[in-house]
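Residue numbers (this note's numbering): 7 to 167. Using N, Cα and C, we set each Cβ at its ideal position, and we do this for glycine too. Before any comments, here is the structure.
So this is what it looks like as structure tokens:
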């Protein structure tokens with residue numbers, strides 16, 4: 007398993023949480039790695055506005071500006087594109103954010119579907135053993151008022167070629 011995290015603080019958290027596991031931690035930008043393509047599975051836990059966690063961290067609303075959404079959406083699309091490039095044909099990329107903002111969720115996925123040889127998989131079976139009422143899919147959007155969670159988003163994309 008390989009983990010990529012450019013932020014020193016977050017990389018330290020990844021190292022703590024994976025201690026004792028066979029994980030290689032690279033402290034680099036996920037958009038620009040020297041990794042060889044061919045991964046079976048890639049998780050993109052994308053940096054986001056964090057608006058989905060407002061119920062737990064209401065002060066976060068004062069840390070974000072409208073321009074942050076555009077900058078983060080660009081970064082998310084670039085990270086998702088890089089992840090797809092690292093995934094072998096037939097492999098799967100799971101894209102996740104803790105935001106309900108359309109630019110950070112379905113917008114990023116729609117961009118990937120237009121630009122890359124991928125198709126969306128039904129993500130609901132990953133959650134249904136634990137969480138009900140996930141809607142029509144194929145992506146999952148969790149809501150605080152409905153699911154008792156943060157407003158999390160997840161989409162699975164299979165690389166075709």
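Looking at C-alpha atoms only, which residue of 155, 115, 121 and 94 is the closest neighbour of residue 143? If you compare the alpha carbons of 155, 115, 121 and 94 with that of residue 143, the shortest gap goes to 115.
So, with DSSP's three-state summary, where would you put residue 25? Residue 25: coil per DSSP, three-state reduction.
Could you tell me the alpha carbon to alpha carbon distance between residue 110 and residue 132, rounded to whole angstroms? Distance between the alpha carbons of residue 110 and residue 132: 20 Å.
By DSSP, does residue 15 sit in helix, in strand, or in coil? If DSSP states are grouped into helix, strand and coil, residue 15 belongs with the helices.
Within 8 Å, strictly: CB atoms of residue 34 and residue 10: Between residue 34 and residue 10, the gap from beta carbon to beta carbon is short of 8 Å.
Quick one: Cα of residue 103 to Cα of residue 162, how far? Rounded to whole angstroms, residue 103 to residue 162 spans 12 Å at the Cα level.
Looking at the strands, I want to know which residues DSSP matches up with residue 147. BP columns for residue 147 point to 159.
Cα-Cα separation between residue 138 and residue 45, rounded to whole angstroms: Residue 138 and residue 45 have their C-alpha atoms roughly 31 Å apart.
Mapping DSSP to helix, strand and coil, what is residue 63? Shown here, residue 63 sits in coil according to DSSP, grouped into three states, outside any helix or strand.
Using a Cβ distance threshold of 8 Å, determine whether the stretch 147 to 161 contacts the stretch 55 to 66, with at least three qualifying pairs required. With the cut-off at 8 Å, the stretch 147 to 161 and the stretch 55 to 66 touch.
Contacts around residue 53, its chain only, beta-carbon distance under 7 Å, and the 5 residues preceding and following it disregarded: For residue 53, where only same-chain residues beyond five positions count, the Cβ hits under 7 Å are 78 and 81.
Could you name the residues of the same chain whose beta carbon sits closer than 7 Å to that of residue 150, not counting the 5 residues immediately before and after it, in chain order? Cβ within range, chain order: 61, 156 and 157.
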